[in-house]
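These protein sequences, in sequence, are chains W and B.
Here the first sequence stands for residues -15 to 568, where the numbers follow the working numbering.
Here the second sequence stands for residues 25 to 167, where the numbers follow the working numbering.
Glycine residues also receive a C-beta, built at the ideal position from the N, C-alpha and C atoms.
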Amino acid sequence: MAARPAARRVSAAELRIWLLGFILVASWFGLGYRLFHVQVVQAEEFQASGLNQRLETRTLAPNRGTIFDRNGDPVAMTVEAESIWVVPQLLEDVVYTAQSIASITGRDWEVAYQAIQRGLESGTRFVYVARQVEPVTAQAVMDLGLPGVAIIPEAKRVYPSGDVSAHVVGMVDIDGNGIEGLEIAYDEALTGTPGQMVFEEDPAGNVIPQATREVVPAVPGMDLLTTLDLSLQFTAHEACAEAVERTGAKGCWIVALHAETGEVLAMAGNPPFDPETRSGPDGAPFSNFAVRGMYEPGSTQKLITFAAAFDTGAITPSLVIGAVADRYETTAGACESATDEIYGCFSDFADHATVDMTVADIFTESSNVGTIKIQERIRAGAMLEYMNAFGYGVPTGIDYTGEARGIVNNDPGCTSCLASTAIGYNVAVTPLQIAAAYAAIANDGLWVQPRLVTSTVDMDGEVFTADPVTRQVVSQNTAWVMRQLLANVVESGTGKLASVPGYRVGGKTGTANKLDPNGGYTDETVASFVGMAPIDDPKVVIAVVIDDPAAEYRTGGSAAAPAFADVMEAALHALGVVPDAFDG
Amino acid sequence: MTTRALRVPTRREAGLRVVHGRRARRPVVTPFVVFVLILLVALFGIVFARTSLDQGAFDLAEMDRKIVAASTENAQLRLEVARLESPARVAPLAEEMGMVFPTERETVVVERIADPTAPTDPRWASIGRYAAATSEVTPEVEE
């Protein structure tokens, strides 16, 4: 039997070689598999991942539209500014850095210091220390070479005429969003649409030429063409400041309307407001009493009462009202009760004997008693109908936010309310509402909705306009008669200080005691004057409202009429209205 | 031990012959060389084109920067003009120079001269005090 060949023994060295070979081959297979996976299976994923690392997307902020006055002068525009920011962790000396920056920007260094400290506490690596400074100022800061300080460009809203038109134009917040006035009323149109730029950049942040680059341009905001006349706005602004200084009043508001179109030529107020610092005197907040404030109009309301009476045929121009005393009771015994008018006792401004008075004299001398007697001749309900027609109790619909509605008291159980309403109590209006009501008389009885913007213009120059709402509130004849009565007031009545040389002016004074929050009335007054010129074909209607003038100026004729005359004269010149006459 | 002389074989016996060299010819440009040359030219062309495009991109970026800078400067200048033209600045200067609004005495009305104190519309004659003053219309007295 042949012997079996002896089994070949594998040495340990051979085993190691085989093992090593196996590992190597397995490794190659592993690498090959991985290579295949990366290059084929996951190829798209890795390509996308790599692209994402290089791709940068930047939002292109649209330029906010410019706001122009009616002559094309800018009243609000956007310019490029620089904002200074720091990486708090990189600052060598926080106090020194804050003080150095503040010494150039002129801002409070402690504000910057506190912002940096907050950044250090929260661990953020981006803290603004001065936003929206002039590019030259920002460059001066960068020239200091402070570590951890950098600048970025940022749009800034500026108002070239300062606070002159602030109450109309409003303001934006630090990020350029409208927060008041036209800036918020037309925020959507002014803002535009942001664009986007997608590009590739290297690790150092340099744009890679010829690489992916997609640009969707930003669409600039629309420009606004307002109805304001900047020169007239300045005159009104100055007139208000002068009136407040002269009369010691708390405030003054002026609204000037184009009689035929309802365009607001000027709307100014005092105290002033700075739209760039976003504050009034002593940090007072923004307000616009001309649109948002209400007051009892006093005798300026008599225009509505007389117009309603004429238009309904309750009175005629030739009517004489008999036995007009200086006191009148709508509730028996009211005048003996030692309480005020709201209980039914009405009196004229000055004591006088009981006399027969013409309708014109009642209006010219602003007799409360005579006016109430005329109101009593108007059929029931007509007074409220006419007030509604003249725009009382509802917003005018002007293109401005937060407009007040005004108040019309329609309490059928109130026995003295209509009498109060006839002389301008028990009713509240905004200066704009009363100006629009007078404009209806100026415009042959046609009420025109006031407006602040005539059109918007897009980047292609396309103009968008909207026609104002109109309605006939009284007949042309009634309007004509009322204008003659208004002229009488200025020529020989309580509004003589409202006269303008060369023009025939008409208007009505108003003096209303202010309501006491605890009931009744105080000695403080709201003095006003509303009028128009030239009276034969009025072009401009102006309302002046003075809040709480000193006692010696407590009437509309002394406090408001002079300011009216100043603004009216400027308005007539601005519109090129030919004088009624000159004496050679 | 004997010796003999070493025999030298003849040329024929060695099987050798004289070979005349061929005349030298000009080197032939082979397709491979042409291919390489074309490749080189294309390569340089691509590099040149790429460089030119990159240069163009840089020029474009520089132009964009200049446009932005010019736009910014333009906006700043428009702002400066607006501020200089603002009534708040001009009015005090005008006042210092003695400028005033023209009054009616400086205004020439060529075609129309009217008395501002007199009613310009005949309908006015029927109203209130004028009616009473002229007594053309009997006042209607309230009972």
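Min CB distance residue i to chain B below 7 angstroms
| i | result |
| --- | --- |
| residue 491 of chain W | no |
| residue 149 of chain W | no |
| residue 218 of chain W | yes |
| residue 330 of chain W | no |
| residue 518 of chain W | no |
| residue 459 of chain W | no |
| residue 176 of chain W | no |
| residue 396 of chain W | no |
| residue 145 of chain W | yes |
| residue 336 of chain W | no |
| residue 58 of chain W | yes |
| residue 63 of chain W | yes |
| residue 215 of chain W | yes |
| residue 142 of chain W | yes |
| residue 550 of chain W | no |
| residue 21 of chain W | no |
Any chain W beta carbon closer than 7 angstroms to residue i
| i | result |
| --- | --- |
| residue 107 of chain B | yes |
| residue 103 of chain B | yes |
| residue 140 of chain B | With a pLDDT of 49 at residue 140 of chain B, under the threshold of 50, the modelled position of this residue cannot be trusted, and the question is left open. |
| residue 73 of chain B | no |
| residue 43 of chain B | no |
| residue 110 of chain B | yes |
| residue 99 of chain B | yes |
| residue 125 of chain B | yes |
| residue 54 of chain B | no |
Contacts around residue i, its chain only, beta-carbon distance under 6 angstroms, and the 5 residues preceding and following it disregarded
| i | result |
| --- | --- |
| residue 574 of chain W | No information on residue 574 of chain W is available, as it lies outside the stretch -15 to 568 that chain W covers here. |
| residue 407 of chain W | 352, 355 |
| residue 336 of chain W | 310 |
| residue 207 of chain W | 49, 50, 441 |
| residue 404 of chain W | 410 |
| residue 279 of chain W | 510 |
| residue 65 of chain B | none |
| residue 198 of chain W | 182 |
Residues that DSSP places opposite residue i in a beta bridge
| i | result |
| --- | --- |
| residue 43 of chain W | W:180 |
| residue 439 of chain W | W:209, W:449 |
| residue 589 of chain W | Because chain W is modelled from -15 through 568, residue 589 of chain W falls outside the range shown and cannot be assessed. |
| residue 162 of chain W | W:156 |
| residue 279 of chain W | W:413 |
| residue 80 of chain W | DSSP, once it has assigned bridges, lists no residue as partnering residue 80 of chain W. |
| residue 513 of chain W | W:493, W:528 |
| residue 58 of chain W | W:52 |
| residue 253 of chain W | W:237 |
| residue 341 of chain W | W:305 |
| residue 242 of chain W | W:524 |
| residue 484 of chain W | W:487 |
Cβ shell of residue i (< 8 angstroms), same chain only, five flanking positions each side left out
| i | result |
| --- | --- |
| residue 140 of chain B | Because the pLDDT at residue 140 of chain B is just 49, under 50, the model does not fix this residue reliably, and the value given afterwards should be weighed accordingly. Once the five neighbours on either side are set aside, residue 140 of chain B has no close Cβ partner at all. |
| residue 456 of chain W | 429, 430, 431 |
| residue 395 of chain W | 401 |
| residue 109 of chain B | none |
| residue 216 of chain W | 240, 249, 250, 551, 554, 555, 558 |
Supposed close pair residue i, residue j - CB separation, criterion 8 angstroms
| i | j | result |
| --- | --- | --- |
| residue 209 of chain W | residue 438 of chain W | 5 angstroms |
| residue 544 of chain W | residue 528 of chain W | 4 angstroms |
| residue 191 of chain W | residue 41 of chain W | About 13 angstroms separates the two Cβ atoms, so there is no contact after all. |
| residue 542 of chain W | residue 348 of chain W | So it is not a contact: roughly 17 angstroms between Cβ atoms. |
| residue 100 of chain W | residue 70 of chain W | 6 angstroms |
| residue 149 of chain W | residue 212 of chain W | 6 angstroms |
Residue i beta carbon near the ligand ATP (any heavy atom closer than 6 angstroms)
| i | result |
| --- | --- |
| residue 319 of chain W | Only the bare structure without any ligand can be found here, which leaves the ligand ATP out of the picture. |
Neighbourhood of residue i by C-beta, 7 angstroms cutoff - its chain only, sequence neighbours within 5 removed
| i | result |
| --- | --- |
| residue 122 of chain W | 66, 68, 135 |
| residue 538 of chain W | 495, 509, 511 |
| residue 368 of chain W | 392, 394 |
| residue 39 of chain W | 182, 184, 196 |
Chain C within 7 angstroms of residue i, Cβ atoms only
| i | result |
| --- | --- |
| residue 242 of chain W | Looking at the structure shown, chain C is missing, and the protein chains on hand are W and B. |
Please confirm if the segment 96 to 107 of chain B is in contact with the segment 63 to 71 of chain W, defined as three or more CB-CB distances below 8 angstroms between the two stretches.
-> yes
Validate contact between the segment 26 to 39 of chain W and the segment 96 to 116 of chain W using beta carbons, cut 8 angstroms, 3 pairs = no
Is it true that the segment 212 to 231 of chain W meets the segment 110 to 117 of chain W, where meeting means three or more beta-carbon pairs spaced less than 8 angstroms apart?
-> no
Spell out a yes or no on whether the segment 127 to 137 of chain W and the segment 238 to 246 of chain W are touching, meaning 3 or more CB-CB pairs, one atom from each, closer than 8 angstroms.
-> no
If we count Cβ pairs, one from each stretch, closer than 8 angstroms, do we get three or more for the segment 514 to 523 of chain W versus the segment 556 to 563 of chain W?
-> yes
Stretch pair the segment 143 to 156 of chain W + the segment 164 to 177 of chain W: three plus CB contacts closer than 8 angstroms | yes
Quick one: any contact between the segment 287 to 295 of chain W and the segment 270 to 277 of chain W, if contact means 3 or more CB pairs under 8 angstroms?
-> no
For the 8 angstroms Cβ check, are there 3 or more pairs between the segment 249 to 264 of chain W and the segment 476 to 492 of chain W?
-> No, they do not touch.
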